[in-house]
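Novice:
Numbering (the working numbering), first residue to last: 99 to 599.
(1) Taking 8 Å as the threshold (C-beta atoms), are residue 364 and residue 287 in contact?
(2) For residue 290 and residue 305, which I take to be in contact (beta-carbon distance under 8 Å), what is that distance rounded to the nearest angstrom?
(3) Give the DSSP bridge partners of residue 295, in chain order.
(4) Pull the bridge partners of residue 356 from the DSSP assignment, please.
(5) Is the number of C-beta pairs between the segment 509-528 and the segment 455-473 that are closer than 8 Å three or more?
(6) Between the beta-carbon of residue 368 and the beta-carbon of residue 334, is there less than 8 Å?
(7) Counting C-beta neighbours from all protein chains within 10 Å, is the total for residue 576 16 or more, i.e. buried, or is it exposed?
(8) By DSSP's criteria, residue 228 is part of a beta bridge. Which residues make up the other side?
(9) Rounded to the nearest angstrom, how far is the Cβ of residue 275 from that of residue 379, given a contact under 8 Å?
(10) Give me the residue from 479, 512, 446 and 496 with the minimum Cα distance to residue 503.
(11) Would you mind listing the alpha helix (DSSP H) stretches within the segment 388-462 that are 4+ residues and don't spill past its ends, in chain order?
(12) Please classify residue 318: does DSSP put it in a helix, a strand, or coil?
(13) I believe residue 405 touches residue 507 by the beta-carbon criterion, under 8 Å. Please report the beta-carbon distance rounded to the nearest angstrom.
(14) Per the DSSP calculation, residue 580 is bridged to which residue(s)?
(15) Going by beta carbon distance, what residues of the same chain come within less than 7 Å of residue 388, once the five residues before and after it are set aside?
(16) Whole angstroms are fine: how far does the CA of residue 541 sit from the CA of residue 450?
(17) Checking the sheet assignment: what are the DSSP bridge partners for residue 524?
(18) Could you check whether residue 529 and residue 398 sit closer than 8 Å to each other, using their CB atoms as the reference points?
(19) Tell me whether residue 582, by its Cβ, gets closer than 7 Å to a heavy atom of the ligand HEM.
(20) On the CB-based measure, 16 or more other CB atoms within 10 Å of its CB, does residue 559 come out buried or exposed?
(21) Out of 563, 569, 147 and 492, point me to the one whose CA is closest to residue 240's CA.
(22) What does a CB cutoff of less than 6 Å around residue 592 pick up in its chain, not counting 5 residues either side in sequence?
(23) Taking buried to mean at least 16 other C-beta atoms within 10 Å of its own C-beta, is residue 140 buried or exposed?
(24) Please state if the CB of residue 535 and the CB of residue 354 are separated by a distance shorter than 8 Å.
(25) Between the alpha carbons of residue 421 and residue 154, how many angstroms are there, rounded?
(26) Output yes if chain D places a C-beta closer than 8 Å to the C-beta of residue 329; else output no.
(27) Return the first residue and the last residue of the alpha helix (DSSP H) that residue 473 is part of.
(28) Would you give the residue range spanned by the alpha helix (DSSP H) that residue 221 belongs to?
(29) Can you confirm whether the segment 222-232 touches the segment 205-214 when touching is taken to mean that 3 or more C-beta pairs between the two stretches lie within less than 8 Å?
(30) Using CA atoms only, rank isn't needed, just tell me which of 563, 393, 423 and 349 is closest to residue 554.
(31) Just to confirm my understanding: we take residue 235, look at its own chain, exclude 5 residues before and 5 after, and list those with CB closer than 6 Å. What are they?
(32) Could you tell me which residues DSSP puts in a beta bridge with residue 285?
(33) Nearest CA to the CA of residue 433: which residue from 461, 410 and 417?
(34) Could you check if residue 297 is buried or exposed, using at least 16 other CB atoms within 10 Å of its CB as the buried criterion?
(35) Keeping to the same chain, check which residues put their C-beta closer than 6 Å to that of residue 371; ignore five residues upstream and five downstream.
(36) Hey, quick one: how far does the alpha helix (DSSP H) through residue 271 stretch, first residue to last?
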């Protein structure tokens, strides 16, 4: 950045999907845009870089998917059942998993603008393809998509980040790395810039409007304990270590209204001995999302949740919390040979804590930190309870459950009886926090007097009121893109009107 005083129409704080969509949308309106990314270039992209790049959208059928992924071949189309996912289904999923707490206006915007936003991203240069490897199993030579999401960016999260940065650079967005925004410039007239710390100095940069899209507080152990509760300081962090709540703190300091589920977060089953924060090389290998085909047992040797309650897209983001509540904050996922072929690729990497044995007795001995007698009893009782007369089908909620257990398994239940047996050690991994600030339908931040704060907009994890308790898988990136686009557009209009254009 220049040593001279600078002024931009819009400053975007953050460097992930939501921030980049905001910057691009502001440029669409003709604004001069500066994007300030706290991380260095090599670590840019926020939590987005640690995702699969998958986005949940409403779509009518295969032709909608083909329009968004024109690289699909005729063979791809012929071998795939894409089904459909209506706006009504998307809205119902949001309402159901958030226990009807999602803000109806924001939810409607998310749902109704989901497909158009992905199409806009495609126009910016992002390429999408169906996520065959993770969202569809091949049964009798045909893929069938389940659980809502279909499309993912080429190259996953890293591919999405690189595509959006390439688009931003091409469009003339000024980007500064190692730029840690520490405060907002605030006056009775509203927000008029930021104070940013670079490697060289601390300076004030003026702007007509500011978009905060710099994440939640998941990487801040003190805030996790303060808001999520005791024990959350012990959780692993799936993504970037830069999301420490700075944007939230700045907004709240000038009177922004807290909104949403501040004691809630997206938390999953995660490799027990994973790094404390996301590692750009290893993090994809730490996921343990094939649990619907397992039974999960804790240190006492007992099951503690319904592994087959729903497709993993509707349970994985809340099951991490349940794992954290177990003795020692760990558990084991146990599989037999019948389902090993269904496990996702990360179960077959070096970054995995795995125990394998020819007998269940040997498996329990090798695990070592579970109650062996209770472990064997749990499996025996589970095996006897499985409704083996119901066919097993991983692509649908097959109803192959258990009978008579205190904690049932509702779908995809198979007796653990075919060697070799395998167990994988897991703990809790936090993805992002749900608490944020209140925004208008145009993404402008609202204060505690219920008034919009002039010049201040928010997107991404900073938006409160959308997710509570849980979320439908892959709706986070969609939300970031939808509200990032709205925030950027609104900020640009506000700034350009302010300078008389």
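Note that CB positions come from ideal geometry on N, CA and C, so glycine has one too.
Specialist: Looking at the coordinates:
(1) Sequence index remark: in the chain shown, residue 287 carries index 189 (1-based). Sequence index remark: in the chain shown, residue 364 carries index 266 (1-based). No, they are not a contact pair.
(2) Here residue 290 is taken as the residue at index 192 of the chain shown, counted from 1. Here residue 305 is taken as the residue at index 207 of the chain shown, counted from 1. Contact flag correct, Cβ pair sits at about 7 Å.
(3) Taking the first residue of the chain shown as 1, we reach residue 295 at position 197. Residue 295 is bridged to 278 and 300.
(4) Sequence index remark: in the chain shown, residue 356 carries index 258 (1-based). 535.
(5) yes
(6) The count along the chain shown starts at 1 and reaches residue 368 at position 270. The count along the chain shown starts at 1 and reaches residue 334 at position 236. Their beta carbons are under 8 Å apart, which means residue 368 touches residue 334 by this criterion.
(7) For the purposes of this step, residue 576 is taken as residue 478 along the chain shown, with counting starting at 1. Buried: at least 16 other Cβ atoms inside 10 Å.
(8) On the chain shown, residue 228 is found 130 positions in, with the first residue counted as 1. Beta-bridge pairing links residue 228 to 249.
(9) If you number the chain shown from 1, residue 275 lands on position 177. If you number the chain shown from 1, residue 379 lands on position 281. Between residue 275 and residue 379 a beta carbon distance of about 20 Å is seen, past the 8 Å cut, so the two are scored as non-contacting.
(10) Numbered from its first residue, the chain shown carries residue 503 at position 405. If we check each option's Cα against that of residue 503, 479 comes out closest.
(11) 414-422
(12) The count along the chain shown starts at 1 and reaches residue 318 at position 220. Residue 318 falls in the coil class under three-state DSSP.
(13) Reading the chain shown from its first residue, position 307 is the one you call residue 405. Reading the chain shown from its first residue, position 409 is the one you call residue 507. That belief holds up - the Cβ atoms of residue 405 and residue 507 are roughly 6 Å apart, short of 8 Å.
(14) Your numbering for residue 580 matches position 482 in the chain shown. Residue pairing by DSSP places residue 580 in no beta bridge whatsoever.
(15) The sequence position of residue 388 within the chain shown is 290, counting from 1. Hits under 7 Å: 440, 441, 442 and 445.
(16) The residue you call residue 450 lines up with position 352 of the chain shown. The residue you call residue 541 lines up with position 443 of the chain shown. Each residue's alpha carbon lies about 41 Å from the other.
(17) Working through the chain shown from its first residue, we reach residue 524 at position 426. The partner list for residue 524 (beta bridge, DSSP) reads 369 and 429.
(18) In the chain shown, the residue the question calls residue 398 occupies position 300. In the chain shown, the residue the question calls residue 529 occupies position 431. It is not a contact, given that the beta carbons lie outside the stated cut-off.
(19) Absence of the ligand HEM is noted for the structure shown, with no ligands found whatsoever.
(20) On the chain shown, position 461 is the one that residue 559 refers to. Looking at its Cβ environment, which holds 16 or more other Cβ atoms inside 10 Å, residue 559 is buried.
(21) As a position in the chain shown, residue 240 is number 142, starting the count at 1. Of 563, 569, 147 and 492, the residue nearest in Cα terms is 492.
(22) Taking the first residue of the chain shown as 1, we reach residue 592 at position 494. Contacts found: 307.
(23) Along the chain shown, read from residue 1 onward, the residue named residue 140 stands at position 42. The residue is exposed, with fewer than 16 neighbouring Cβ atoms inside 10 Å.
(24) As a position in the chain shown, residue 354 is number 256, starting the count at 1. As a position in the chain shown, residue 535 is number 437, starting the count at 1. Taking 8 Å as the Cβ cut-off, residue 354 and residue 535 qualify as a contacting pair.
(25) Position 323 of the chain shown, counted from the first residue, corresponds to residue 421. Position 56 of the chain shown, counted from the first residue, corresponds to residue 154. Using only the alpha carbons, I get a separation of about 26 Å.
(26) Annotation note: the requested chain D is absent from the structure, which comprises a single protein chain.
(27) The residue you call residue 473 lines up with position 375 of the chain shown. Unbroken alpha helix (DSSP H) run through residue 473: 470-483.
(28) One-based indexing of the chain shown puts residue 221 at position 123. Secondary structure note for residue 221: its alpha helix (DSSP H) is the uninterrupted segment 212-221.
(29) no
(30) By 1-based counting over the chain shown, the position of residue 554 is 456. Nearest option by C-alpha distance: 349.
(31) Against the chain shown, residue 235 aligns to sequence position 137. Excluding positions up to five away in sequence, the list reads 492 and 493.
(32) Within the chain shown, the letter at position 187 stands for residue 285. Answer by DSSP bridge pairing, in chain order: 288.
(33) Your numbering for residue 433 matches position 335 in the chain shown. That would be 461, whose Cα lies nearest to the Cα of residue 433.
(34) The count along the chain shown starts at 1 and reaches residue 297 at position 199. Residue 297 should be labelled exposed.
(35) Reading the chain shown from its first residue, position 273 is the one you call residue 371. If we look at residue 371 and ignore the five residues flanking it on each side, its Cβ neighbours are 451.
(36) As a first step, residue 271 must be located in the chain shown, where it is residue number 173. Neither: residue 271 is in no alpha helix (DSSP H) and is coded neither H nor E.
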